[in-house]
Each structure stands twice: as structure tokens, then as C-alpha cells.
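**Student:** Top to bottom, those sequences are chains A and B. By the count of this note's numbering, the first sequence reaches residue 361 at its end, each step adding exactly one. By the count of this note's numbering, the second sequence reaches residue 703 at its end, each step adding exactly one. Just so you know, even glycine gets a beta-carbon here, dropped at the ideal spot from N, CA and C. From a predicted model like this one, the values you see are computed outputs, not experimental measurements. Take this structure first; my questions come after.
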Amino acid sequence: MNENPPKKDPSANLLKWFRSPFVRALVALGFVLMIGFIFNAEGSFLKWQTHRDMLRHISVFGILACGMTLVIITAGIDLSVGSILGMTAVIFSIFSIHFDWSPWLAIPLCLGAGAVCGLVSGGLIARFRIQPFIATLAMMVFARGMAKWISGGQKISTAVLQSGGQYRYKEVPAIFDGLNAKVLHNNIAVVTLIFFACILVCWLILAKLRWGRHIYAIGGNEEAARLSGIPVTATKLIAYGLSGFFCAVAGICQAAQEFQGDPEAGQTYELTAIAIVVIGGTNLMGGRGGIGLTFIGAMTIGYLEKILSINAVGEASRLMLTGAIIIGAVLFQKVRK
Amino acid sequence: MNCNPGNPLLRMEHIVKSFSGVRVLDDVDFEVVPGEVHVLAGENGAGKSTLIKILSGVHSDYEGSIRIGGKSVRFKSPSDAAVHGIATIHQEMSLVNSMNIIDNIFLGREHTLFNQWVIRHQQEQKARRILAQMELKLDLSLPVGSYPLSIRQMIQIAKALAFDARIIIMDEPTSALNEVETARLFAIISKLKQNGHSIVFISHRLDEIYQIGDRISVLRDGLSIGSAPASDLSRDEMIRWMVGREIDRQFPERSTPQGKERLHVERFSVPKPGGLHGWAVRDAELHIGAGEILGIAGLQGSGKSELLNGLFGTYGKLSQGNIRLNGKKFYPVSPRSSINRGLVLLTNDRKGTGLIPSMDISRNISLASLKTFSPHLWMETAREKDCARDHVKDLGIKLQSLTQDVQTLSGGNQQKVVLAKWLETKPKVMLLDEPTAGVDIGAKHDTYRLMNRWTSLGLAIILVTSELPELLAMSDRVIVMHRGRITAEFPRGQASQEDILQAAMADEKETA
Numbered sequence: 025m026n027e028n029p030p031k032k033d034p035s036a037n038l039l040k041w042f043r044s045p046f047v048r049a050l051v052a053l054g055f056v057l058m059i060g061f062i063f064n065a066e067g068s069f070l071k072w073q074t075h076r077d078m079l080r081h082i083s084v085f086g087i088l089a090c091g092m093t094l095v096i097i098t099a100g101i102d103l104s105v106g107s108i109l110g111m112t113a114v115i116f117s118i119f120s121i122h123f124d125w126s127p128w129l130a131i132p133l134c135l136g137a138g139a140v141c142g143l144v145s146g147g148l149i150a151r152f153r154i155q156p157f158i159a160t161l162a163m164m165v166f167a168r169g170m171a172k173w174i175s176g177g178q179k180i181s182t183a184v185l186q187s188g189g190q191y192r193y194k195e196v197p198a199i200f201d202g203l204n205a206k207v208l209h210n211n212i213a214v215v216t217l218i219f220f221a222c223i224l225v226c227w228l229i230l231a232k233l234r235w236g237r238h239i240y241a242i243g244g245n246e247e248a249a250r251l252s253g254i255p256v257t258a259t260k261l262i263a264y265g266l267s268g269f270f271c272a273v274a275g276i277c278q279a280a281q282e283f284q285g286d287p288e289a290g291q292t293y294e295l296t297a298i299a300i301v302v303i304g305g306t307n308l309m310g311g312r313g314g315i316g317l318t319f320i321g322a323m324t325i326g327y328l329e330k331i332l333s334i335n336a337v338g339e340a341s342r343l344m345l346t347g348a349i350i351i352g353a354v355l356f357q358k359v360r361k
Numbered sequence: 192m193n194c195n196p197g198n199p200l201l202r203m204e205h206i207v208k209s210f211s212g213v214r215v216l217d218d219v220d221f222e223v224v225p226g227e228v229h230v231l232a233g234e235n236g237a238g239k240s241t242l243i244k245i246l247s248g249v250h251s252d253y254e255g256s257i258r259i260g261g262k263s264v265r266f267k268s269p270s271d272a273a274v275h276g277i278a279t280i281h282q283e284m285s286l287v288n289s290m291n292i293i294d295n296i297f298l299g300r301e302h303t304l305f306n307q308w309v310i311r312h313q314q315e316q317k318a319r320r321i322l323a324q325m326e327l328k329l330d331l332s333l334p335v336g337s338y339p340l341s342i343r344q345m346i347q348i349a350k351a352l353a354f355d356a357r358i359i360i361m362d363e364p365t366s367a368l369n370e371v372e373t374a375r376l377f378a379i380i381s382k383l384k385q386n387g388h389s390i391v392f393i394s395h396r397l398d399e400i401y402q403i404g405d406r407i408s409v410l411r412d413g414l415s416i417g418s419a420p421a422s423d424l425s426r427d428e429m430i431r432w433m434v435g436r437e438i439d440r441q442f443p444e445r446s447t448p449q450g451k452e453r454l455h456v457e458r459f460s461v462p463k464p465g466g467l468h469g470w471a472v473r474d475a476e477l478h479i480g481a482g483e484i485l486g487i488a489g490l491q492g493s494g495k496s497e498l499l500n501g502l503f504g505t506y507g508k509l510s511q512g513n514i515r516l517n518g519k520k521f522y523p524v525s526p527r528s529s530i531n532r533g534l535v536l537l538t539n540d541r542k543g544t545g546l547i548p549s550m551d552i553s554r555n556i557s558l559a560s561l562k563t564f565s566p567h568l569w570m571e572t573a574r575e576k577d578c579a580r581d582h583v584k585d586l587g588i589k590l591q592s593l594t595q596d597v598q599t600l601s602g603g604n605q606q607k608v609v610l611a612k613w614l615e616t617k618p619k620v621m622l623l624d625e626p627t628a629g630v631d632i633g634a635k636h637d638t639y640r641l642m643n644r645w646t647s648l649g650l651a652i653i654l655v656t657s658e659l660p661e662l663l664a665m666s667d668r669v670i671v672m673h674r675g676r677i678t679a680e681f682p683r684g685q686a687s688q689e690d691i692l693q694a695a696m697a698d699e700k701e702t703a
């Protein structure tokens, strides 16, 4: 406030305050919460358990949305997040269940595999100037194929098919239980903590590091950024590579939650991730937005689904309501006056 | 519309307009008589654009009255204004580049059968008639984007004529044109005038205002300052009206001793950008010392802009030649490497390649020197802000807050932000491509003074500008380019505008 001129008109100030995307995203979240308090399903919305489960449920989507935020701020899009999630879930399950590998080896390998997928998309986009929509669409199809090829089309679970047609049941690896646990007196899920960590990492990158400036600059005006000496190719590689990395994080969490690696896992997750970013208020045109907005967006979508499910709204109406509310929230954020 | 000449065709009275509580127009009157070129002058932020936007139907919530031919009107939209015979030639082109000339001319007002079926031959006939009137010979089937800016502007005028526009508003139509194209535009304006069309003309160039204007109205800070026939209003008086204070000299005095050589270019060639065949710049030779301003003149397509971009590395490794920068061998590879070596370029397209519109002022200023503000990858934002504040004070950037959107600044202040960005990289050689385009008189004057100060501190500047008075006043030497080659060089004070134009059009004269 130190540089602002003397206030002219209090209503203008209020308006300016309301223009802040952060405030708008919070108002949208507040609106959803209000619905929750009204339709609280006989008080179950008021229990911490409900909120804990909402956070746990939204965590995997939220982790995907972290990478998506980076990519969308560069004025790109990543359609491949759901498929990379499925692929890494399969890889992680095979390493952990079939090969009995230590998580110290399995986790880095999975993260690496996800990052490589992201880097390939990023390379196609940055070096060969393929449109992000097309490049990541191709990666979406390819990674899904990889997931099915690696798994042989089967779910990778603790029931391992032997050569004689018999199933042998293996122990659930400790890492699965560990990731699936709830800590702090059963008050918060481990995957939720991982989600928070991802948010923190993205916040550091976007708000504190030089890389963040590069990402915003490219999304705002790529040619001006290039002529100002911003390394455009490297920055895009970082953004898409990180998106792939976060997909792998989400894939590992997903495998742990389901106790298996499903090659079909993560279908349409990319749409939820995009919805989270957009409902938070990050601009699809690039250059504007932030990870804080994505966090609020994840909460908004998470609460929305939770409220509908605790009130036992049927799936058909739930989907229709979700669609309508997403549009409502986005329209609300567009309101100027 | 039947108006007697002398009776105003358009009369705007007591126009008041506010944006979120701030008055930008306060009781403004403006009138246009048939067949006149009425110049609307004023500095950036004086309210010209707002007045024009009200007249062309962009803003419909204003106080006051507009009468056209005696009838009171109130436009709800730009197409509403078009129906009443008002057309605007925008600074930013409002043509669809991928569509051909005919489709563009009739866009939104197609000649149709049953409101759907486009009658092409009728449109083509009319388009040909209009373009013939304007003495333009163009291939009507080519996409508009394949024509240069000056032709696209003519097509916009043709579009206005096809809509039977009585009043054509031209918002800085010459800012991107060279002298020859400007002359052609003025010829067309004279013709329009003869046919009874009225022109509202906005320009920052004083010479043009007097060359083409019949009447001059000046706005300042949202107020009508005055209106007078161009022949009765002296230049000094008009500047006083616009600025509200005396500007003693249009250009500041310049005398800087020349230091050791900063840039030496031999046999430098740049291929045509965009993968076209041929050379945009061929065998250019030039040198420039510390503290020197080297001016480059040339028409559009002469390769002057490509020369700067080639030196800066905009096109990558495609150029060839021997360059020494600060005495060491230099080869342009990328903007990044050039910036690191102390060579920077202010591009001629502030919005397209200069600023990041989604970033605030301080972030735009630090953009090209992020490394100095984040030696360990970690942005030191406090230092960044301090530095931006210093530049704001130093360059006299008028703003409300450092975190303000850079788009909300006036053109001159936006340009100063870009200049601050480049200054922060501590350059040794600065290439300026049209630094004063779309900048008001006050800010232009500031820019000249700043250029003099920087050169006195040892900076070498190459200045490309299509405003010849500016080029002659600011340059220590002038070189002239024509079709990619350097055709003449003049020391300070030895060239007149005529000499330069002659060199710039060299063989066009011979073949004529």
C-alpha cells in the first residue's frame, strides 16, 4: 500500500480488492462451503473426518494439478497426466509387488519414468514447435499404451498369476501401507501431506525461484521473453518435465491407495486436473495465475464432490451438478462489476 | 446526408466520461465540418482515445450529446456508429489477416441474397471500383496478411468507403509508415476530402499535423483547450496547448566526444527472415564508438530493422560477417548471448516483442537481468523492487504503483519501462528501433535527453527511426540503407532531409 496514491473512492478500492483472483477463488470456495454447512447431511459435514477424507480423495488430483499449473502458466496444456499416472502406477506396482524391490529404488525409477515422459512432450513442444495440445495428446495415447504393454493388460495386484494358472497371493508391500496410512493420530492422510509438499515445491518454483519468472514470462509473451534472453526451450522442458514428475508422484500414491497398479487408472483425470486449475482462476491463455489458486481450486472441487456424495446425490445428477457449478464458478470469476 | 458545407456534420457537446470514478473527459466539445481534415492533438492520456471511442461507439455510457447532420444520436456499438457513417482506422489493425481483400472489405456487411448467400461478383465489382478510386492495384484474392502494413491500412480505408463512411477517424495512421507511404496516404486523404469525406486525424508528428490538417483541436487532461484553423495556430502555440508549459526546443543540444570503438561490423549479411530466399541485409559495413549515436535511415524494406535484429541475434545463427564488439570477436547466436556481451535491442513493436503484458512494472524491468537478482536461483525481490524504483525515478516513469499492470501505462511510459529493462543489463551498445513511435511529445523529449546522458556515460547507440527530423537532430553520423545495402553516409550536420530521401530511394529515381 505504500506506493498507492490517496484513496479516491472506497467502493473503487473494494472493487479493486475483489478483482484479485485470489479473493475470487476464496469466495467461490466459501460459497461451496456454505452449501456444505446448509446441506450438512445430518451433521456429518461438521466432522473433521469428512474433511480429512475429502483432502485424501482430492490429493491425487491436486498433485496432477500442480504440474498442470506450471504448464498452463507457460500457455500450454498437458493432456497426458492421467495416462502417465496410470503408467507409473503400473511400473511402481510391478517393482514393488512382483520384483520386491526396495521403495528407495522403485520410487526414483518411477519418478524418472514420469519425468522422461514429460520431457519428451516438452521437447516436442519446445524444439519441434508442435502445439502442446497435439504433443500431449499423443503422449496421452502413448503412455496409456505403455501402461497396457508393461502390465500385459492386467491389473498388477498382490494376486500374482503363476505359470500353472494358479494365483499366488503376496504380502502387500510395506510402502503401500505406509503411503496409505493416516498420521497425526489418524487425522491426516500421508498422500495429503505429499500433496501439500507438491504445492510447496510449486510455490517455491513459481514465486521464489528464477525459473518461475521464466515460466510466467514465456506464458505472458513468448517472443518478448526470448528477446529478453529467457531460455525458452529449457524453461518449457522444465515445466513439462516437472508435470511428468508430479504425475509419477500421483501414480505412486494412486497405486498405494488401490493396492494395485491398474493400467486403466487415471482416465479422465487430466480433465479434473484442468478443472481444478481453471476453477482456481489460473488463466488458460498463460502468464497469469499461481499455485495458491490451484490449491483453492482443489479444495473447491474436493468439497463439491464430497458434499454431493455425503448427501447421497446419485451419480447422474452429481456429474450434471458438478459441470454446472464449474461453469458457475468460472463465470463468477469473470464478472467485472 | 445533405449538409451544407460549413455547417457541422458532427457536433459533440459537453461530453463527460469517467472510468471508475476518475474523469477522463470533462465537458469536451468537438465538431467536424464536411470535407475537412480535423486534427485531434494532445499528449497520451489527454483523452483523445476516449473521445474517439465514444464517437465510434465503443463506449456508450457517457454524458453529453452527439449530433450528426443536426440529428441527435447515441451509438450503442461500433456497428451502430458505422450505420451513421463513422468509420475508424485503428492503430491496431482490425482486419482478418487470413481472409482476402474482398472478404475483409465487406466483413460484417456482405452483399447477400436472402441474408445468407454472398453475392461475390457484386462485391468484387464494388471493391475494384473503390480501389481504383484510391489508385491501388492489388490482387484481390490474396490474403490481407501477405501485404505490408501500409497497404493493409489502405484496405481499411477502402473498407470504410465501402460502408459509405462520411467521417473517417484515423488513429495515428502514420506511426508505422515511412515517408513515401505517408505521402501516398496523404494523397488519398486529399482525395477523400475533395469527395466530401471528413477525416479526424490523430498524430504525434507536428510536421504531419501541419501538412495535412485544416483545423486543429487540442485536448489536455480531459479538457478542451482550444480549436483553431491550422493556418492560424503557430507550432509553439499548439505545443503550449498540448503540454501546458513551454518546451523551448524540440530536440536537446548534443555534443559528446567520441570514445574508443565499441562495435565494428564488416561484410555483414542477414538472410530474409521467415525462410524466404535472398538477403535482407547485404555486406553492411559500419562502426560506432563509445558515446556515439549512429542514425540509420531507409524506407520500409530497406533492411534497417533486419540489420539491428541480425546483430542482436534475433534470427539465430543465420547471419554472416565479421563483427568485433568492444574489441573482441563477436558472432550473433541468440538474444541471450548478445545481452550477456552487452549488446541489446529495443524492438520496434513494444506490445508484441517488448513488454510482457501480464507482468507488473518491476518484473518487466528486471526481465532481462534476472540472473543479477537471483545469483543463487532464488529471486531477491526486495533488491529487484529497489532497482525498479531507481529506474522509475531516473527515467521519470509516471505510475501509481510498481505492482501496477504495465498495460495501464501510457505509450511513452511503457517505452520507458522497456528502456529501463535494457539499461538494467548494463549494455555497452544499444540498438534502438523506432524508440519514439507512438510516444507523446513530453516523453519523446525525455527520451532524447536520456539518450544524450547515456552516451555521455560511454554507451554507443544505433538509432533507427522513420522520423527524419529526429534522426538528423540526434545522430552524430547518418547512414542510409536501400534494399539491404548501405548507400550513403553523412557526418553530423552535413545532410538534409532531401539528401537522405534521395539516397534512400536511389535507384527508384533512376528507373522512373
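I believe L383(B) touches I390(B) by the beta-carbon criterion, under 8 Å. Please report the beta-carbon distance rounded to the nearest angstrom.
**Tutor:** Right, the Cβ-Cβ distance comes to about 6 Å (below 8 Å), so this counts as a contact.
**Student:** Check whether the region 150 to 166 of chain A touches the region 269 to 285 of chain A, taking contact to mean three or more Cβ pairs, one atom from each stretch, closer than 8 Å.
**Tutor:** The answer is no - the region 269 to 285 of chain A does not touch the region 150 to 166 of chain A, with fewer than three Cβ pairs under 8 Å.
**Student:** Go ahead and label P339(B) buried or exposed: buried means 16 or more other beta carbons lie within 10 angstroms of its beta carbon, across all protein chains shown.
**Tutor:** Per the 10 Å Cβ criterion, exposed.
**Student:** Just to confirm the assignment, what range does the alpha helix (DSSP H) spanning D217(B) have?
**Tutor:** Premise fails: D217(B) lies in the beta strand (DSSP E), V213 to V223, not in any alpha helix (DSSP H).
**Student:** Can at least three beta-carbon pairs, one atom from the region 249 to 263 of chain A and one from the region 563 to 583 of chain B, be found at a separation below 8 Å?
**Tutor:** Short answer: they don't touch.
**Student:** A559(B) touches chain A at which residues, Cβ-Cβ below 9 Å?
**Tutor:** Per Cβ cutoff of 9 Å: L251, S252, G253 and I254.
**Student:** State yes or no: is the C-beta of A695(B) within less than 7 Å of the C-beta of A488(B)?
**Tutor:** Cβ distance < 7 Å, so A695(B) and A488(B) count as in contact.
**Student:** Along chain A, in chain order, which residues have C-beta atoms closer than 8 Å to that of R532(B)?
**Tutor:** Neighbours of R532(B) on chain A: none; closest Cβ ~11 Å, over 8 Å.
**Student:** Which value, in whole angstroms, describes the spacing of the CA atoms of E706(B) and G512(B)?
**Tutor:** Coverage of chain B is limited to positions 192 through 703, which leaves residue 706(B) absent and any answer about it impossible.
**Student:** Roughly how many angstroms separate the alpha carbons of M344(A) and H312(B), rounded to a whole number?
**Tutor:** Cα to Cα, the separation comes out at about 50 Å.
**Student:** Output needed in chain order: residues of the region 332 to 360 of chain A with a Cβ under 9 Å from some Cβ in chain C.
**Tutor:** The question asks about chain C, but that chain is absent: this structure's protein chains are A and B.
**Student:** How would you call S549(B), buried or exposed, if buried means at least 16 neighbouring beta carbons within 10 angstroms?
**Tutor:** With 16 or more Cβ atoms within 10 Å of its Cβ, S549(B) is classed as buried.
**Student:** For the region 191 to 203 of chain A, which residues have a CB atom closer than 9 Å to at least one CB atom of chain B, in sequence order?
**Tutor:** Cβ contacts with chain B come from no residue of the region 191 to 203 of chain A.
**Student:** Along the chain, which unbroken stretches of the alpha helix (DSSP H) at least 4 residues long are found entirely within the region 225 to 264 of chain A?
**Tutor:** Listed in chain order, the complete alpha helix (DSSP H) runs (minimum 4 residues) inside the region 225 to 264 of chain A are 234 to 244 and 246 to 251.
**Student:** Does the Cβ of A274(A) have 16 or more other Cβ atoms within 10 Å, making it buried, or fewer, making it exposed?
**Tutor:** So A274(A) ends up on the buried side.
**Student:** Starting from K612(B), find everything on chain A with Cβ-Cβ shorter than 8 Å and list it in chain order.
**Tutor:** In chain order: S252.
**Student:** Return the residue from the list S510(B), F459(B), G480(B) and P448(B) that minimises the CA-CA distance to G466(B).
**Tutor:** Selected option, being the one with the closest Cα: S510(B).
**Student:** Counting along the chain, where does the alpha helix (DSSP H) carrying S408(B) start and finish?
**Tutor:** Premise fails: S408(B) lies in the beta strand (DSSP E), R406 to R411, not in any alpha helix (DSSP H).
**Student:** Would you kindly work out how many angstroms separate the C-alpha atoms of N537(B) and L610(B), rounded to a whole number?
**Tutor:** Note on identity: in this sequence residue 537(B) is Leu, with Asn being the wrong assignment. Whole-angstrom Cα-Cα distance: 7 Å.
**Student:** List, in order along the chain, the chain B residues whose C-beta lies closer than 8 Å to that of L233(A)?
**Tutor:** The contacting residues are S565, L568, W569 and M570.
**Student:** Buried or exposed: where does I158(A) fall if 16 or more other Cβ atoms within 10 Å of its Cβ makes it buried?
**Tutor:** Answer is exposed; the Cβ neighbour count stays below 16.
**Student:** Buried or exposed: where does P523(B) fall if 16 or more other Cβ atoms within 10 Å of its Cβ makes it buried?
**Tutor:** It counts as buried.
**Student:** I'd like to check one pair, V264(B) with H275(B): are the Cβ atoms closer than 7 Å?
**Tutor:** Taking 7 Å as the Cβ cut-off, H275(B) and V264(B) qualify as a contacting pair.
**Student:** Would DSSP call L340(B) helix, strand or coil?
**Tutor:** The answer is helix: DSSP assigns L340(B) an H, G or I state.
**Student:** With a CB to CB cut of under 8 Å and the five nearest residues on each side skipped, what residues in its chain are close to G177(A)?
**Tutor:** Hits under 8 Å: P287.
**Student:** Run through chain B and tell me which residues come within less than 9 Å of N245(A), C-beta to C-beta.
**Tutor:** Per Cβ cutoff of 9 Å: K542, G543, T544, G545, L546, I547, P548, S549 and M550.
**Student:** Output, in sequence order along the chain, the residues in the region 286 to 314 of chain A whose CB is closer than 7 Å to any CB in chain B.
**Tutor:** Within the region 286 to 314 of chain A, the qualifying residues are G311 and R312.
**Student:** Which residue comes first and which comes last in the beta strand (DSSP E) that contains G255(B)?
**Tutor:** Taken as a continuous stretch (DSSP letters only), the beta strand (DSSP E) holding G255(B) covers E254 to I259.
**Student:** Does any CB atom of chain B fall closer than 7 Å to the CB of A241(A)?
**Tutor:** Taking Cβ atoms only, chain B reaches closer than 7 Å to A241(A), which makes this a yes.
**Student:** Could you tell me which of K584(B), I670(B), A419(B) and R426(B) sits nearest to S713(B), measuring between CA atoms?
**Tutor:** Nothing can be reported for residue 713(B): it is not among the residues displayed for chain B, which extend from 192 to 703.
**Student:** At a CB-CB cut-off below 7 Å, which residues of chain B make contact with A248(A)?
**Tutor:** Under the 7 Å cutoff, chain B gives T544, G545, L546 and I547.
**Student:** Considering only the alpha carbon of each residue, which of N335(A), L328(A), I276(A) and I320(A) lies closest to S120(A)?
**Tutor:** If we check each option's Cα against that of S120(A), I276(A) comes out closest.
**Student:** Assess, as a yes-or-no matter, whether the region 239 to 250 of chain A is touched by the region 69 to 88 of chain A under the definition of 3 or more beta carbon pairs within less than 8 Å.
**Tutor:** These segments do not touch.
**Student:** For P626(B), write down the residues that DSSP places opposite it in a beta bridge.
**Tutor:** For P626(B), which the question treats as bridged, DSSP gives no partner whatsoever.
**Student:** Which parts of the region 424 to 483 of chain B are runs of the alpha helix (DSSP H), unbroken and 4 residues or longer, counting only runs that do not cross its ends?
**Tutor:** For the region 424 to 483 of chain B, whole alpha helix (DSSP H) runs of length 4 or above, ordered along the chain, are 426 to 434.
**Student:** Using only CA atoms, which one of E483(B), N531(B) and V461(B) lies nearest to V497(B)?
**Tutor:** Sequence inspection shows Glu at residue 497(B); the Val mentioned does not correspond to that position. Per the Cα distances, V461(B).
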